[in-house]
Each structure stands twice: as structure tokens, then as C-alpha cells.
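For reference, the structure discussed in these notes is given below.
Number of protein chains: 2
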Amino acid sequence: MNPETAPLPVLYPIGVVHSPLRDPAEAPRQGREAGIEAEIEVFPQYLPALQGVGERDRLLVVCWLHRSRRDLLQVPAKDGAGPPRGVFSTRSPNRPNPLAVYPVELMSVNGHRLRVRGIDAVDGTPVVDLKPRVPRLDD
Amino acid sequence: MNPETAPLPVLYPIGVVHSPLRDPAEAPRQGREAGIEAEIEVFPQYLPALQGVGERDRLLVVCWLHRSRRDLLQVPAKDGAGPPRGVFSTRSPNRPNPLAVYPVELMSVNGHRLRVRGIDAVDGTPVVDLKPRVPRLDD
Numbered sequence: 046m047n048p049e050t051a052p053l054p055v056l057y058p059i060g061v062v063h064s065p066l067r068d069p070a071e072a073p074r075q076g077r078e079a080g081i082e083a084e085i086e087v088f089p090q091y092l093p094a095l096q097g098v099g100e101r102d103r104l105l106v107v108c109w110l111h112r113s114r115r116d117l118l119q120v121p122a123k124d125g126a127g128p129p130r131g132v133f134s135t136r137s138p139n140r141p142n143p144l145a146v147y148p149v150e151l152m153s154v155n156g157h158r159l160r161v162r163g164i165d166a167v168d169g170t171p172v173v174d175l176k177p178r179v180p181r182l183d184d
Numbered sequence: 046m047n048p049e050t051a052p053l054p055v056l057y058p059i060g061v062v063h064s065p066l067r068d069p070a071e072a073p074r075q076g077r078e079a080g081i082e083a084e085i086e087v088f089p090q091y092l093p094a095l096q097g098v099g100e101r102d103r104l105l106v107v108c109w110l111h112r113s114r115r116d117l118l119q120v121p122a123k124d125g126a127g128p129p130r131g132v133f134s135t136r137s138p139n140r141p142n143p144l145a146v147y148p149v150e151l152m153s154v155n156g157h158r159l160r161v162r163g164i165d166a167v168d169g170t171p172v173v174d175l176k177p178r179v180p181r182l183d184d
């Protein structure tokens, strides 16, 4: 099946980020160094999928950056000088599919609530996947 | 807006993987060590988004694993012993949103075709995002 004619994949939000960050403009450029702590609330129907997550130290949290623009294919160069950059050569939140992948430290698990450190997604950002971070696959 | 009631995000395939791997069963468990080379064909309408990608050595390729099952929340333990694992504590391709994140070496760029090493997605797998891999963000 040609992916251009196949039905478009629809994402199901499996949870939501609760964070002190309210506005993308507040997000530090180095979100991870700032060590922002946030809570991932996994929706109750996905609780069985969390079995064993508490044994992991680090996770990849895949978010849908719902406030992003999807129609931008290029963004200005970071320093304002030079030609525009294609979004696939940047980590701009604006891109055709505004997915973000955050490696986080898992601090604690309380039922369907995960305390994590190192995510600069704003409060209310939908979460679409969680995976263990595995050096063999991710480094 | 509550993400549970917001419209569900729809992904646009931005390209497709061309690979010698035809069947998930062929995929080596250590796909990256096997160093499989594949081509990412980016659809022509997204060519402007590739501007500057050729300057990068490593990319994250985000794929939609279109052959996966989305209804499984748990999978058997790897060694067949022990209780089932929640999919969010595994890298199983079967998960509510079957997204895969592959860090690859970028070998060459020829127009809208990217030669990459280190991806075990099968031939025909839709690509939904490309990002530069940045140690500060991804390690």
C-alpha cells in the first residue's frame, strides 16, 4: 500500500503533561539542564500498559506539541543571520507532525501518575507514547 | 482544552523507508549493530524542510510502524517466564501509537533521498518526522 494513499494514522493521546510551564515562551532553551519536574498523567484505560515501568530509570516521552504550527517547512536561522533552515534540520516545535521526544529521568510512579525530570513541554501537552530509554538503541 | 476531548491528531506521512528488510521477522534484534542501510524518500512537497539536513551527521527518524497492533497493552515477558510486561515498559512495536524513534547515521543526501544507516524498519514503513540528533537533548 502506498503510504501517500493509505489512511492517515490517527494518534490517541495516552496521557497529559502537568507542568509548572504554562507558556512555550517560558520554556528554557536548555530545558533538561534546568531539570524541570513534571507529572505525566496516564489515562486510566492505559494503566495495564504501565506494568513494569517503575523498574526503569529513564524513559522516552513522546509528546504531541499541540500548539505548534504544522504549515511551516522552514524557520529563520537561530542567530537571525543566514538563510532559513528546513524544519527537519532543526528541533523547532513547528513541523508537519509536531512530535517531541524527551529523554527523562523517572523519579517515581504512583498508580497512573509518573513523576519525571527533564521535560520542557507546557502544561496540558498530550502524551502519545512512553518507552524505556535503552542505550543500545538510543545512544 | 482537555486532551481527551480535543480532536485527535492526524499524522501526515512525510516520506517512506526503502529497505532490504521486507518482513518484521527478518529484523535483527540488534538492528543498529547490524548496520542496515536504507533510503528515506521524502515526498517532494516536503523538500524545503530538508534545507540544511545534509550538514548533520546523525538524525532521529520517527516512523509509523504501520503493521503493528494498537490494541495490545501488554506483551509476554521476553524470556517467556515471568508476568506480561506493559508495552510502555518495552520497545515492542505493538503499542497504542506505534511510533518508533531511530537514531541513524546520515550517509548522504541526494535531493529528497537520504541514505542512512542503523534503521530496522521494514520496506514501506511511513516516516512522519526527521530531526537532527543533538547530544544535549538526546543523551
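Chains as they are written, first to last, in this note's numbering: chain A, 46 to 184; chain B, 46 to 184. Glycine residues also receive a C-beta, built at the ideal position from the N, C-alpha and C atoms.
Pair within 8 angstroms by beta-carbon distance, residue i and residue j
i, j, result
"L151(B)", "R103(B)", "yes"
"K176(A)", "R114(B)", "no"
"V173(A)", "P58(A)", "yes"
"G131(A)", "V98(B)", "yes"
"D184(B)", "L66(B)", "no"
"V149(B)", "L105(A)", "no"
"N139(B)", "V120(B)", "yes"
"V87(A)", "G60(A)", "yes"
"P52(B)", "H157(B)", "no"
"Q96(A)", "S134(B)", "yes"
Cβ distance (whole Å) where residue i is taken to contact residue j below 8 angstroms
i, j, result
"E82(A)", "R162(A)", "5 angstroms"
"C108(A)", "P171(A)", "7 angstroms"
"P54(A)", "L56(B)", "5 angstroms"
"R160(A)", "E71(A)", "The Cβ separation is near 20 angstroms, so there is no contact."
Closer than 8 angstroms to chain A by CB, residue i
i, result
"S153(B)", "no"
"K176(B)", "yes"
"R101(B)", "yes"
"R162(B)", "no"
"G131(B)", "yes"
"G156(B)", "no"
"L149(B)", "Checking the sequence shown, residue 149(B) turns out to be Val, not Leu. Cβ-Cβ to chain A under 8 angstroms: no for V149(B)."
"D116(B)", "no"
is_contact[residue i, chain B] using C-beta, thresh 8 angstroms
i, result
"S134(A)", "yes"
"A83(A)", "no"
"P89(A)", "no"
"P121(A)", "no"
"P138(A)", "no"
"A166(A)", "no"
"G125(A)", "no"
"V106(A)", "no"
"G80(A)", "no"
Three-state secondary structure (DSSP) of residue i
i, result
"A122(A)", "coil"
"A94(A)", "helix"
"L105(A)", "strand"
"R158(A)", "strand"
"G60(B)", "strand"
"G99(A)", "helix"
"S153(B)", "strand"
"D183(A)", "helix"
"V167(A)", "coil"
"P52(B)", "coil"
"P141(B)", "coil"
"P148(B)", "strand"
"P128(A)", "coil"
"P65(B)", "coil"
Under 9 angstroms, CB to CB, which of the residues in the region 57-71 of chain B have a partner in chain D?
The displayed structure is made up of protein chains A and B, and chain D is not among them.
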